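>
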Amino acid sequence: MKRILKITGAVLGSLLLVLGLFCAYVAITGVPTYDQPNIPKISVELTPERVARGEVIAQIQCMECHADKNNRLTGKYMSEVPAVFGKLYSKNITQDKEKGIGNWTDGELVYFLRTGVRRDGTFAPVMPQFPNMADEDLKSVIAWLRSDRFPVQATSEEPQASELSFVSKLLSHTLMKPLPYPQTFVAMPDSADPIALGKYTADAIGDCYACHSGDMLDQDKVHPEQSKGYYGGGIEMVGENGEPIITANLTFDEETGIARKYTKEQFIKAVKMGVRPDGSILRQPMAPKIGLTDQEVGAIYEYLKTVPKVKNNIVQKSAEVQLAENK
Ligand code: HEC
Ligand code: HEC
Numbered sequence: 007m008k009r010i011l012k013i014t015g016a017v018l019g020s021l022l023l024v025l026g027l028f029c030a031y032v033a034i035t036g037v038p039t040y041d042q043p044n045i046p047k048i049s050v051e052l053t054p055e056r057v058a059r060g061e062v063i064a065q066i067q068c069m070e071c072h073a074d075k076n077n078r079l080t081g082k083y084m085s086e087v088p089a090v091f092g093k094l095y096s097k098n099i100t101q102d103k104e105k106g107i108g109n110w111t112d113g114e115l116v117y118f119l120r121t122g123v124r125r126d127g128t129f130a131p132v133m134p135q136f137p138n139m140a141d142e143d144l145k146s147v148i149a150w151l152r153s154d155r156f157p158v159q160a161t162s163e164e165p166q167a168s169e170l171s172f173v174s175k176l177l178s179h180t181l182m183k184p185l186p187y188p189q190t191f192v193a194m195p196d197s198a199d200p201i202a203l204g205k206y207t208a209d210a211i212g213d214c215y216a217c218h219s220g221d222m223l224d225q226d227k228v229h230p231e232q233s234k235g236y237y238g239g240g241i242e243m244v245g246e247n248g249e250p251i252i253t254a255n256l257t258f259d260e261e262t263g264i265a266r267k268y269t270k271e272q273f274i275k276a277v278k279m280g281v282r283p284d285g286s287i288l289r290q291p292m293a294p295k296i297g298l299t300d301q302e303v304g305a306i307y308e309y310l311k312t313v314p315k316v317k318n319n320i321v322q323k324s325a326e327v328q329l330a331e332n333k
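Counting from 1 along the sequence shown, just add 6 to a position and that's the residue number in the numbering used here.
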């Protein structure tokens, strides 16, 4: 008996030691750096169509996290990120050669947006990766970044560097990691097929599942539909005034899903204009997605009908109740 205890003790002790060493390693090294990647040779031709399409994607993605108060992509403090992750700042992605991305090649941008890894091998946690965005749409984003549009004009301001918490550093060694660069061409969805168009718009362009699934971290970026609680909602986010806001259950579950309460037209209005059927306004971080077409948002609605129903009753406290409770 004594012997067993001794052995168990020794095993536990060495496990703790290994764990301790790993934590010390994480604390010292911070976010891991990878081998310098093989950057693909890509040269994006600027066409008016691409710039226009890139602008739509930028409005629902890049602008959300990189635009300052003047609507320029100089980067900003990301107040909606819960405090456990530290103080996070995005970066200047204007055409400025020193502070922005003026010196990045098209290939470097594509590689980074797919994988999260920069040309020097450093990894950017929190910045979303876009493994399923069609090659053509990625090119459109890059065409827009290179265009004469106001938000991307060279500006030399820059936010301070992020102060990542230990939790974020630990996550960058475990759950938040670089994605592999796709080996094959990623095609646009068939726009005549609402289910395909809806899945693409929601998962590959809109990143809707990233906020509307069951867990902010336990997600499968390459196969979003395998994410925990896919479209069942329940992630607690931080609103504009620091109040908690819980993401909605977008599945068609009879009792707890919200989608069945909406007609397709009402759903389109909510997503594009940020207004619910009863007239109430959707709060940040649910931003109106004006640039998406009615066809695209209607297709998301059709796609959500096919998603496995999740029973998850989201009780949203009104801002007044929350304020009263915090007093
Ligand atoms: C959810 C917020 C978020 C969204 C959406 C987002 N980014 Fe970022 N991005 C960040 C953060 C945070 C960083 C900084 C990461 C770091 O400090 O390592 C970053 C870094 C970058 C960088 C690296 C800049 C540098 O100097 O190292 C580029 C390029 C970039 N983003 C481009 C984009 C583009 C293009 C889009 C739209 C398709 C986009 N981002 C959407 C949050 C976001
Ligand atoms: C950055 C996180 C985030 C992203 C991305 C996001 N949502 Fe939301 N969404 C929220 C939050 C938070 C709420 C709750 C807002 C509130 O209660 O005021 C919400 C609410 C909604 C609602 C209203 C639900 C209700 O209570 O009636 C709909 C519909 C919706 N989202 C659809 C979408 C669609 C479609 C997409 C993708 C195109 C999307 N959302 C992307 C965070 C997000």
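Glycine included, every Cβ here is placed at the ideal spot set by N, Cα and C.
For clarity, every value in this text was computed on a predicted model and none was experimentally measured.
Could you name the residues of the same chain whose beta carbon sits closer than 6 angstroms to that of Leu115, not counting the 5 residues immediately before and after it, in chain order?
Residue 115 sits at position 109 when you count from the first residue of the sequence shown. So the list reads Ile148, once near-sequence residues are dropped.
> Thinking C-alpha only, which one of Val321, Ser146, Gln159 is nearest Leu119?
As a working note, residue 119 is residue 113 in the sequence shown. Per the Cα distances, Ser146.
> How long is the line joining the alpha carbons of Ile287 and Ala198, rounded to whole angstroms?
Within the sequence shown, numbered from 1, the residue matching residue 287 stands at position 281. Within the sequence shown, numbered from 1, the residue matching residue 198 stands at position 192. The alpha-carbon atoms of Ile287 and Ala198 are separated by roughly 32 angstroms.
> Hey, would you say the C-beta of Asp221 is under 7 angstroms away from at least one heavy atom of ligand 2?
Counting from one through the sequence shown, the residue named residue 221 turns up at place 215. Outside the cutoff, so no.
> Compare the C-alpha of Leu298 against each of Lys278, Thr312, Gln225, Ala16 and name the closest.
Position 292 of the sequence shown, counted from the start, is the residue given in the question as residue 298. Closest option to Leu298, judged by alpha-carbon separation, among Lys278, Thr312, Gln225, Ala16: Lys278.
> Can you tell which of Leu223, Asp112, Ile320, Ile306 has its C-alpha closest to the C-alpha of Glu261?
Taking the first residue of the sequence shown as position 1, residue 261 is located at position 255. For Glu261, the nearest C-alpha among the options comes from Ile320.
> Since Asp259 and Lys317 are thought to touch, with beta carbons under 8 angstroms apart, how far apart are those beta carbons, to the nearest angstrom?
Residue mapping note: residue 259 aligns to position 253 of the sequence shown, counting from 1. Residue mapping note: residue 317 aligns to position 311 of the sequence shown, counting from 1. With a Cβ gap of about 6 angstroms, Asp259 and Lys317 count as contacting.
> Going by DSSP, what residue range makes up the beta strand (DSSP E) through Val244?
In the sequence shown, the residue the question calls residue 244 occupies position 238. Per DSSP, Val244 belongs to the beta strand (DSSP E) from 242 to 244.
> How big is the Cα-Cα spacing for Ala58 and Leu151?
Position 52 of the sequence shown holds residue 58. Position 145 of the sequence shown holds residue 151. Those two C-alpha atoms are separated by around 11 angstroms.
> Going by the beta-carbon positions, is the gap between Gln290 and Gly245 smaller than 8 angstroms?
Along the sequence shown, read from residue 1 onward, the residue named residue 290 stands at position 284. Along the sequence shown, read from residue 1 onward, the residue named residue 245 stands at position 239. Yes, the Cβ-Cβ distance between Gln290 and Gly245 is below 8 angstroms.
> Going by beta carbon distance, what residues of the same chain come within less than 6 angstroms of Cys29, once the five residues before and after it are set aside?
Position 23 of the sequence shown, counting from 1, holds the residue named residue 29. Excluding sequence neighbours, Cys29 sits near nothing in its chain.
> By the three-class DSSP mapping on this structure, what secondary structure does Leu3 have?
For the chain, the structure presents residues 7 to 333; residue 3 sits outside this window and is missing.
> Starting from Ile63, trace the alpha helix (DSSP H) in both directions and tell me its first and last residue.
As a first step, residue 63 is located in the sequence shown; it is residue number 57 there, counting from the start. Its alpha helix (DSSP H) spans residues 54 to 66.
> By the DSSP assignment, the beta strand (DSSP E) with Pro250 in it spans what residues?
Translated into the one-based positions of the sequence shown, residue 250 becomes position 244. Pro250 -> beta strand (DSSP E) spans 250 to 252.
> Out of curiosity, what's the CA-to-CA distance linking Ser171 and Ile107?
Numbered from 1 along the sequence shown, position 165 holds the residue referred to as residue 171. Numbered from 1 along the sequence shown, position 101 holds the residue referred to as residue 107. Approximately 26 angstroms between the Cα atoms of the pair.
> Going straight from the alpha carbon of Ile13 to that of Glu142, what length do you get?
Along the sequence shown, one-based indexing puts residue 13 at 7. Along the sequence shown, one-based indexing puts residue 142 at 136. Whole-angstrom Cα-Cα distance: 59 angstroms.
> Got a sec: does ligand 2 put a non-hydrogen atom nearer than 7 angstroms to the Cβ of Asp213?
Position 207 of the sequence shown, counted from the first residue, corresponds to residue 213. The answer is yes for Asp213.
> According to DSSP, simplified to helix, strand and coil, what is Glu169?
The count along the sequence shown starts at 1 and reaches residue 169 at position 163. Here Glu169 sits in strand by DSSP.
> Flag this pair as yes or no: are the beta carbons of Asp112 and Ile48 separated by less than 8 angstroms?
The sequence position of residue 112 within the sequence shown is 106, counting from 1. The sequence position of residue 48 within the sequence shown is 42, counting from 1. Result yes, Cβ atoms of Asp112 and Ile48 sit closer than 8 angstroms.
> Determine the direct distance from the alpha carbon of Thr312 to that of Val2, and round the result to whole angstroms.
Given a span of 7 to 333 for the chain in the structure shown, any question on residue 2 remains unanswerable.
> Leaving out the 5 sequence neighbours to the left and right, which residues in its chain are closer than 6 angstroms to Lys333 when beta-carbon positions are compared?
By one-based count along the sequence shown, residue 333 stands at place 327. Legend: pLDDT at Lys333 = 47, less than 50; position of this residue unreliable, value from coordinates given subsequently. There are no such residues.
> Given 7 angstroms as the limit, tell me if Ala89 has its C-beta closer than that to any heavy atom belonging to ligand 1.
For the purposes of this step, residue 89 is taken as residue 83 along the sequence shown, with counting starting at 1. Using a cutoff of 7 angstroms, the CB of Ala89 does not count as near ligand 1, since none of the ligand's heavy atoms is closer than that.
> Beta-carbon separation of Glu51 and Lys105 under 8 angstroms?
Stepping through the sequence shown from its first residue, residue 51 is reached at position 45. Stepping through the sequence shown from its first residue, residue 105 is reached at position 99. Pairing Glu51 with Lys105 gives a Cβ-Cβ distance that is not under 8 angstroms.
> So what does DSSP say about Thr312, is it helix, strand or coil?
As a first step, residue 312 is located in the sequence shown; it is residue number 306 there, counting from the start. Note: Thr312 maps to helix in three-state DSSP.
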